[in-house]
Amino acid sequence: MDTNASTNHDEHSEQKPAGSSEMPVLKDPVCGMTVTAKSSHHVEHAGKPFYFCSAKCLAKFSAEPDQFTQASKSAPVAAQEPAGQASTAYTCPMHPEILQHHPGSCPKCGMALEPLVPELDDDESPELASFTRRFWWTLPLSLIVMMLAMFGHQLRWFDMATQSWIELVLSLPVVLWAGWPFFVRGVQSVIKRSPNMWTLISLGTGAAFIYSVVATVAPGVFPSSFISMGRVAVYFEAAVVIISLTLFGQLLELKARSKTSAAIKSLLGLAPKTARRVNADGSEEDIPLSNVHEGDSLRVRPGEKVPVDGVVLEGSSSLDESMLTGEPLPVSKRAGDKLIGATLNTSGALLMRSEHVGSATVLAQIVQMVAQAQRSKAPMQRMADTVAAYFVYGVVGVALLTFFAWGFFGPQPSWVYGLITAVTVLIIACPCALGLATPMSIMVATGRGATQGVLFRDAAAIENLCKIDTLIVDKTGTLTEGKPAFERALGVNGFDDDEVLRLAASLDQGSEHPLAAAIVNAARERKLDLEKAEQFDSASGIGVKGVVGGKSLAIGNTALMAQLGIDVASLASQAEELRGQGASVMHLAVDGKLAGLLAVSDPIKATTADALDSLRKSGLRIIMATGDGLTTAKAVGKRLGIEDVHGEVKPADKLQLVERLQKEGCIVAMVGDGINDAPALAKANVGIAMGTGTDVAMNSAQLTLVQGDLRGIATARALSVATVGNMKQNLTFAFVYNMLGVPLAAGVLFPFTGWLLSPMIGALAMSLSSVSVISNALRLRFTALKPDSSPSKKTESS
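According to my numbering, the sequence shown is numbered sequentially starting from -11.
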């Protein structure tokens, strides 16, 4: 690599102001690395200069410049970003097809746009902070207005006309400041011709507020029949309470949505911040990770994380790669072996050469897969928006028709009656019950689930869980305990089983390997007398050697035994049988002769078999997908009755398995506990994480089983069935209420009965509808959560 280019990558981390003597820091548009305008690798494209960290990135850009200057065809503004700098794209969580390179609101639903891939140091959502401030500052005003409306005439502290003015003054900050974002979104929905829930909320609260202002400021325009207790009835309380409730609902939603980026932030936090580079003259220095380039020599000391993907040049060690494979056992690495960035070096020192940096690393690709899977989800609220669009057209149409019908054909003062009835239609159609129908069921269900050790992340998980027909399960930490446990020792050539265990544990006291820890713990539980090991050596990476009680010992795999010239054929059949049962096998040699073998396995959880039997009875197809070896995976699958087993799969393979099943028409749930499961968890119709697993898995999933017990899935499905039924009841009631209430508010009964619904009655009816929905949702707290045993459409044999 060009040395001139490499010297420019370790100096600056921030953009310098104009006129600064230092060069401004830019971003390589190919890999995102930090570069400066001094870089010798640069090119001009479309009249703008672009700078690169290496000749390789320059070549990639020159071959396909449009690929790196435009994020996608739907985001042509990408080229407007400063040359050489990475731009942040924003999308709508409900409409992933919306993409732009600056914050804003979705033109379809009005929701705040979110970064496609959040930064690790992102602060709290500005919208969440704004809505929190608006809610808490105006909540006292809303409560006072509501109390005045309910009890003001009984207190008689002032006449009712004065009370109307007081309510007006108190309502102004709530409506014009706290509710301002809702009105902006409502107006935008009209301008964009995309009516949604914000259209209804802004129309309903706006109608109630404007009507009440007119009734307070100019009460003379209303007929005497609308005067009650010395004033024309006002409905400020309806407007402010609706706004406060809507703000509260938005706070809950925004907090839930903020968790969707937690998985990606957890992944980003895995990578080390610095790397130790070995220069050509032999000197070493710590540099920011962004300044590492392909071909750099890097030192990885014991206890440090591998900075980027690469290959071992010198040294040997054991690396914890559970972040990729999900398996608890460290992997031995020697010269020539591949290394994966963000994996942990547990023992020896390594010298490595970087091969993939920036967005080309395995970790970066996992981040992209999780982000892609999260964006591809279709929230169930999309259906509600579609229905709401037609509902808005209908309500507005009825209100206008009512206004003109009364104006032209009603009794005098006909246009005043027309205004009152139109306002009543908008008030009674204000979507409180419709807006609360789903959120209230979700709130109660999530609370009930939490008491059962089942944590739902969003409404989509509750809706989809009762529909799943295929369940993909990880092995380690999901079906099994995820911790190595000693299984047995077998002695030969005069050594008994306990002596084999005692000698192996004595030597393994100097090892930090999880397998060694399992052997030492087993020996101590049996109260075997352990001796001190001398001349301990684990440099081979395939086992350990040392001297115990004057005897030369070696423990390791068949490769170590072959290296020492020790014949293990006498135990070959037993070893293969143990491996077939899912165990890891190690051989023990004493003074150059085979003494026996030891088996360590990852035991299956006590509750796993019962849980799988219950899920099969409910009609689910069970599939195992694990990063462990295929032999071990099949052995575990055979013991649990799982026929469809996929072994040695990587994160991308699990993701592809989910996608393939979904294309076949399956509704897929994925259960896992590791970082390697994160992309598949995010892509599945329902991602289920074990509470005993990693934070990344739990943040990627929509459902977490707190105790890590698969039996919780049956409980969660029963709660899902009850909740979906409850939501349908609420939505049905809300729509039926509007179908009956709107015609009554429009005055269809007036010609026959002389009844005319006043806005006050409309507000009362609106409140009662909300109370009914809430009461129905609260029934979920007492619903019996019996596992759903009804078979799904697709069975195990499908």
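Quick reminder that beta carbons are idealized off the backbone N, C-alpha and C, glycines included.
DSSP places ASN545 outside both helix and strand once states are collapsed to three, so it counts as coil. Per DSSP, the beta bridge partners of ASN333 are LEU307. Contact between the segment 435 to 449 and the segment 220 to 227 is absent: fewer than 3 CB-CB pairs across the two stretches fall below 8 Å.
Comparing alpha carbon positions, the residue from THR614, ASP616, GLY615 and ALA599 closest to LEU608 is ALA599.
Under DSSP, SER540 takes part in a beta bridge, and its partners are VAL535. Taking 8 Å as the upper bound for CB-CB distance, ASP297 and GLU343 are in contact here, some 6 Å apart.
Here the alpha carbon of PRO276 sits roughly 10 Å from the alpha carbon of PRO295. In terms of Cα proximity to VAL266, the closest of LEU732, MET340, LEU327 and ALA259 is MET340.
Under the three-pair Cβ rule at 8 Å, the segment 487 to 506 counts as touching the segment 574 to 588. Between the alpha carbons of LEU495 and GLN650 lies a distance of about 51 Å. Counting only residues of its own chain and dropping the five nearest sequence neighbours on each side, PHE119 has a CB closer than 7 Å to the CB of LEU235, GLN238, LEU239 and LEU242. Partner residues in a beta bridge of ARG699, as assigned by DSSP, do not exist. For GLU631, the secondary structure class from DSSP, reduced to helix, strand or coil, is coil. A distance below 8 Å separates the beta carbons of ILE231 and VAL163.
Ranked by Cα distance from ASN481, the options VAL556, GLU469, GLU519 and LYS605 are led by VAL556. Closest by C-alpha distance to VAL319, out of ASN545, ALA263 and VAL202, is ASN545.
The segment 560 to 574 makes contact with the segment 615 to 626, as at least three CB pairs between them are under 8 Å. Around the beta carbon of PHE397, a 10 Å sphere encloses fewer than 16 other beta carbons of the protein chains shown; the residue is thus reported as exposed. Beta bridge pairing from DSSP links ILE610 with LEU459.
DSSP, read as helix, strand or coil, puts LEU503 in helix.
As the crow flies, the alpha-carbon of SER93 is around 55 Å from that of SER572. Inter-residue distance for VAL646 and VAL694 is about 24 Å (C-alpha atoms, whole angstroms).
In this structure, VAL588 lies near ALA473, with their beta-carbon atoms less than 8 Å apart. Put simply, of LEU188, GLN690 and LEU46 the residue whose alpha carbon is nearest the alpha carbon of SER708 is GLN690.
Counting only the Cα atoms, LEU768 lies some 60 Å from ALA547.
The beta carbons of GLY662 and GLY465 sit closer together than 8 Å.
Distance from the CA of VAL736 to the CA of ILE189, rounded to the nearest whole angstrom, comes to 24 Å.
Secondary structure at LEU164: helix, using DSSP grouped into helix, strand and coil. Contact between the segment 187 to 203 and the segment 376 to 390 is present: 3 or more CB-CB pairs across the two stretches fall below 8 Å. If one requires a minimum length of 3 residues, no beta strand (DSSP E) run lies completely within the segment 177 to 233.
In the displayed model, GLU647 falls within a helix according to three-state DSSP. Less than 8 Å divides the Cβ of GLU302 from the Cβ of ALA323.
Contact annotation: SER304 and THR334 have beta-carbon atoms that are not nearer than 8 Å.
CA-CA distance, ALA447 to THR458, rounds to 20 Å. Out of PRO37, THR187, ALA352 and ALA196, the CA that lies nearest to the CA of VAL413 is found in ALA196. The beta carbon of ALA337 lies closer than 8 Å to those of ARG287, VAL288, ARG289, PRO290, GLY303 and SER305 in the same chain, with the five residues before and after it left out.
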